[in-house]
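Contents: one structure, followed by commentary.
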Amino acid sequence: METTSTPTHCPYCALQCGMNITPLPQGGVEVTERADFPVNRGALCGKGRTAPAVLSSAVRLTSPLVRSGGRLVPAAWGDALDLIAERLGAARERYGPDALGVFGGGGLTNEKAYTLGKFARVVLGTSQIDYNGRFCMSSAAAAGTKAFGLDRGLPFPLEDIPRTGCVILVGSNLAETMPPSLRFFSELRENGGTLIVVDPRRTKTAEQADLHLAPRPGTDLALALGLLHLVVAEGRTDEAYIQERTTGWEEARAAAMAHWPEYVERITGVSVPQLREAVRLFCEPESAMVLTARGPEQQAKGTDTVGAWINLCLATGRAGRPLSGYGCLTGQGNGQGGREHGQKADQLPGYRKLDDPAARRHVAEVWGVDPDSLPGPGRSAYELLDALGTDIRTLLLMGSNPVVSAPRAAHIEERLRSLDFLAVADVVLSETAELADVVLPVTQWAEETGTTTSLEGRVLLRRQAIAPPPDVRSDLHVLHELAARLGVEKGFPTDPEEVFEELRRASAGGPADYSGITYRRLAEENGVFWPCPATTGVTDEDGEDGEDGEDTVLDALPDDPAGDTESAVPDVHPGTPRLFLDRFATEDGRARFVAVAHRASAEEPDAEYPLLLTTGRVVSQYQSGAQTRRVAELNAAAPGPFVELHPRLAARLGADEGDPLAVVSRRGRAVAPARITTAIRPDTVFMPFHWPGEGRANTLTNPALDPTSRMPEFKVCAVRVEAVRPV
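Mapping to the UniProt record's numbering: the sequence shown position 203 is 203, numbers consecutive.
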């Protein structure tokens, strides 16, 4: 019997690597290379290669579960959905709509994220919705919006990286988090460019660098300001660019000049000669880039920290020019799209602001509701989770595992247990799902069609390749059935293409405009970069450009956004792979410097907690590990948590390799084996965050929030380390 391969994309990180899926005669599927997709050219990491393992009925959910007698037992779909609707409706009647919480995930397709946001606001009427992407790239999004007027993870495709002159990679270990992307940086160096890696650890990525800067955790802001100080002092600013394309330079320059090199060396531990060498490598080529990831972003000053790196790009003319710019390496598979279409507490589809009256009118018209009926902005992710069991009495959670992934995780686990009612829709029985009153088994990547948006802003089509198990339904089916039971019969289709058609209308004219993208285009092309309007202009009901006659974000973008079309007004918009080449997406078209200054982390070491903890990932596990920990090959490579520490610290503790160590913070205690290496600073310990139980790293992490992005400070907290003696 002939089998057909289906071209699709990996279910894990935001690279969204292309792959083919082929059903096997004996059952199951096989992943094979798909060399035509330009991001990975057929290469896959271990997670992508083994992704079919999670499709197995032996490891995934295959029927609804309802709690009875303290245990989760199988139930019929109708009974499970009836119970959820009954409990949500009763809580709304008794406590009001904001007693109902909704928590989503950065792995949901655009169609699911869009429908979940609509469901929360139209059916439940609650403002209490956010998603785990808040923990991923929200500080970079806030800083990018402040500076450029628009946030898209990368304003250029990955293929530009090998052709630039220098890249500063801040707080990212791509060799383990996104292995197929490392080839772009290898090609950069082969082409004569240089790579600077900023990381407290000498990671596998840092080993590839021409220069590795290892700052003390929590001091990335001072480091960026110190580099900008030297740029000014050495006369390396691009004054013509600053005058023509930016505002706010005088204030930002004055703030940077307070961070002289010796002062920055004392704060960061990075030597003055290294600072000077970094400036030389960055400024001498004609083009350069700065890319940030979770290291500088997951801090209580993450927005300012990213802003300081953006200031470095602007001062040297390295933004909005070919082969130059600032970009954020989005982590989760659909972290970009998930924050564009209404899953976030303060946003409506198309990256519109929920508190903008014009945006509310536009989206309400698409939804067929009164704009005044839409709730206002709600709590951010951690604040929402922290309020569970108090103001928020019930929670509908889709595609997230905060028991493992949230900061101060033991506290969040307690809040989840205190709920009157918890319903979870997921692929596997995660640690969070184990606490639920109802668990719904939903389809996953190979079993459904839908779109995702990669870290490049490239909208992609994942295609269904196989049928799901008989008693598994899609998240769209879940929301359709719940909406009907709660009195909303229309507006929640189960066909993903029908949902996407509505999303196109809802996003039209917004910053993230998908209106020119169709399933047919996505099936024929290797993705389409947003913004991609249906035409080169968007008109409102009065026939004027933009909302209420104002210019839209499209007016702030190049007339020929792809850079390779013959006409400035094509019949079909080609999409926008490169942003800001002519103008930034601000009212005056200029980028904005934002004056920032270094400040201490929310929690600094002291006599009781003398060390710093930073957290991150390993190559063979992903996020909370809910899926990858069910794959034997990945578990063999990364079987459990560990504490990485310097030999000098290990000697003080009398610890040998593999000895159990307790890491203690003000929030709790985690125990894991020692991994001793000179690749980490002596004042710092590292733990990966993929595991639950006694080795759960997020038991320790600090939920101090960035005032703008509301990002928790995952990347730095004060701890002590103790040897665990046998009883």
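Yeah, the Cβ is synthetic: ideal placement off N, Cα and C, and Gly gets one too.
Given the structure is predicted, the values throughout are model-derived calculations rather than measurements.
Just tell me which of the options has its CA closest to the CA of residue i.
| i | options | result |
| --- | --- | --- |
| Pro707 | Leu385, Thr305 and Ala506 | Thr305 |
| Ala359 | Ser324, Ala508 and Ala632 | Ala508 |
| Leu195 | Phe642, Ala14, Leu291 and Arg696 | Leu291 |
| Gly18 | Gly28, Ala43 and Ile412 | Ala43 |
| Val663 | Arg652, Leu419, Thr699 and Ala638 | Thr699 |
| Glu86 | Asp471, Met687 and Ala423 | Ala423 |
| Gly491 | Val631, Val442, Ala364 and Pro52 | Ala364 |
| Leu211 | Ala258, Trp260 and Val279 | Val279 |
| Pro217 | Leu440, Thr614, Pro673 and Val671 | Thr614 |
| residue 728 | Arg245, Leu55, Thr677 and Ala53 | Outside the displayed span of the chain (1 to 727) sits residue 728, for which this structure offers no information. |
| Leu188 | Pro200, Leu158, Ile412 and Lys204 | Leu158 |
| Pro655 | Asn635, Val724, Pro692 and Glu633 | The question names Pro, but residue 655 is Ala in the sequence shown. Nearest C-alpha to Ala655: Val724. |
| Leu395 | Arg485, Arg417, Gly376 and His411 | Arg417 |
| Arg590 | Gly149, Asn311, Ser56 and Glu30 | Gly149 |
| Tyr95 | Ile84, Thr126, Val73 and Arg629 | Thr126 |
| Ile466 | Ser665, Ala483 and Gln444 | Gln444 |
| Arg485 | Gly89, Ala35, Pro52 and Arg49 | Gly89 |
| Asp582 | Arg321, Arg352 and Gly399 | Arg321 |
| Ile84 | Gly248, Phe282 and Asp437 | Asp437 |
Taking its Cβ as the centre, do 16 or more other Cβ atoms sit within 10 Å of residue i, making it buried, or is it exposed?
| i | result |
| --- | --- |
| Pro531 | buried |
| Leu554 | For Leu554, the predicted model reports a pLDDT of 36, less than 50, meaning its position is unreliable; a value from the coordinates is still stated below. Classification for Leu554: buried. |
| Thr612 | This sequence places Leu at residue 612; Thr is not what is there. Buried. |
| Gly457 | buried |
| Glu481 | buried |
| Thr4 | exposed |
| Ala600 | exposed |
| Asp151 | buried |
| Thr586 | buried |
| Asp559 | Caution is warranted here: a pLDDT of 39 is assigned to Asp559, below 50, making its placement in the model unreliable, and the coordinate value is therefore given only provisionally. When all chains shown are included, Asp559 counts as exposed. |
| Gln26 | exposed |
| Asn20 | buried |
| Gly693 | exposed |
| Asp426 | buried |
| Gln243 | exposed |
| Leu709 | Checking the sequence, you will find Ser at residue 709 rather than Leu. Label assigned to Ser709: buried. |
| Arg294 | buried |
| Pro610 | exposed |
Considering only residues of the same chain and omitting the five flanking positions on each side of residue i, which have a CB-CB separation below 8 Å?
| i | result |
| --- | --- |
| Ala255 | Leu225, Ala595, Val596 and Ala597 |
| Met711 | Arg134, Phe135, Ser138, Ser139, Glu297, Gln298, Gln299, Ala300, Gly302, Thr303 and Leu705 |
| Pro726 | none |
| Asn191 | Pro162 and Arg163 |
| Val369 | Val122 |
| Gln332 | Cys13, Ala14, Gly105, Gly106, Gly107, Asn132, Gly133, Cys136, Gly338 and Gln623 |
Between which residues of its own chain and residue i is the CB-CB distance below 7 Å, once the five residues before and five after are set aside?
| i | result |
| --- | --- |
| Glu604 | Ala718 |
| Glu502 | Val366 |
| Val499 | Glu111, Tyr114, Thr115, Leu476 and Pro493 |
| Arg415 | Leu385, Asp386, Leu388 and Gly389 |
| Val459 | Thr451, Thr453, Tyr514, Ile517, Leu522, Gly527, Val528 and Trp530 |
| Cys313 | Val290, Ala319, Gly325 and Tyr326 |
| Thr62 | Pro441, Pro469, Asp471 and Val472 |
| Gln128 | Asp98, Leu100, Gly101, Val102, Gly378, Arg379, Leu384 and Ile392 |
| Pro179 | Cys45 and Val619 |
| Thr50 | Val631, Glu633 and Leu634 |
| Glu431 | Asn401, Val403, Val404 and Pro692 |
| Ala651 | none |
Excluding five sequence neighbours on each side, which residues of the same chain lie with their C-beta closer than 6 Å to the C-beta of residue i?
| i | result |
| --- | --- |
| Pro703 | Tyr382, Pro407, Arg408 and Pro712 |
| Ser624 | Asn401, Val404 and Ser405 |
| Gly117 | Gly342 and Gln343 |
| Glu722 | Ala662 |
| Arg339 | Gly133 |
Is there a C-beta anywhere in chain D that falls below 7 Å from the one on residue i?
| i | result |
| --- | --- |
| Ser287 | The chain labelled as chain D is not found in the depicted structure, where only one protein chain is given. |
Ranges of the alpha helix (DSSP H) found wholly within the stretch 323-391, counting only runs of at least 4: You should have 335-338, 357-367 and 381-386.
Jot down the residue ranges of each uninterrupted alpha helix (DSSP H) in the UniProt domain "4Fe-4S Mo/W bis-MGD-type" (3-59), minimum 4 residues, whole runs only, in chain order. For the UniProt domain "4Fe-4S Mo/W bis-MGD-type" (3-59), whole alpha helix (DSSP H) runs of length 4 or above, ordered along the chain, are 46-49.
Contact between the stretch 115-133 and the stretch 310-320: three or more CB pairs below 8 Å? Counting Cβ pairs under 8 Å, fewer than three are found: no touch.
At least 3 beta-carbon pairs within less than 8 Å: the stretch 268-275 vs the stretch 96-109: No, because fewer than three Cβ pairs between the stretch 268-275 and the stretch 96-109 fall closer than 8 Å, the two stretches do not touch.
Cβ contact (3+ pairs, closer than 8 Å) linking the stretch 72-86 and the stretch 448-455: The answer is no - the stretch 448-455 does not touch the stretch 72-86, with fewer than three Cβ pairs under 8 Å.
Which complete beta strand (DSSP E) runs does the stretch 197-247 hold, if anything under 3 residues is left out? Every beta strand (DSSP E) stretch that sits fully inside the stretch 197-247 and reaches 3 residues is listed by chain position as 211-213.
Which ranges does the alpha helix (DSSP H) cover as unbroken runs of at least 4 residues, wholly within the stretch 416-496, from first to last along the chain? Segments of the alpha helix (DSSP H) lying fully in the stretch 416-496: 475-485.
What are the uninterrupted segments assigned as alpha helix (DSSP H) that are 4 or more residues long and contained completely in the stretch 263-335, given in chain order? Within the stretch 263-335, the complete alpha helix (DSSP H) runs of at least 4 residues are 272-283, 294-297 and 302-315.
Quick check: the stretch 281-288 against the stretch 251-268, are at least 3 beta-carbon pairs closer than 8 Å? The stretch 251-268 vs the stretch 281-288: no contact.
Answer yes if the stretch 176-186 comes into contact with the stretch 223-238, meaning at least three C-beta pairs across the two stretches below 8 Å, and no otherwise. Judged by Cβ distances under 8 Å, the stretch 223-238 makes no contact with the stretch 176-186, as fewer than three pairs qualify.
Taking the runs of the alpha helix (DSSP H) that are 4 residues or longer, which of them lie wholly in the stretch 121-175? Segments of the alpha helix (DSSP H) lying fully in the stretch 121-175: 138-148.
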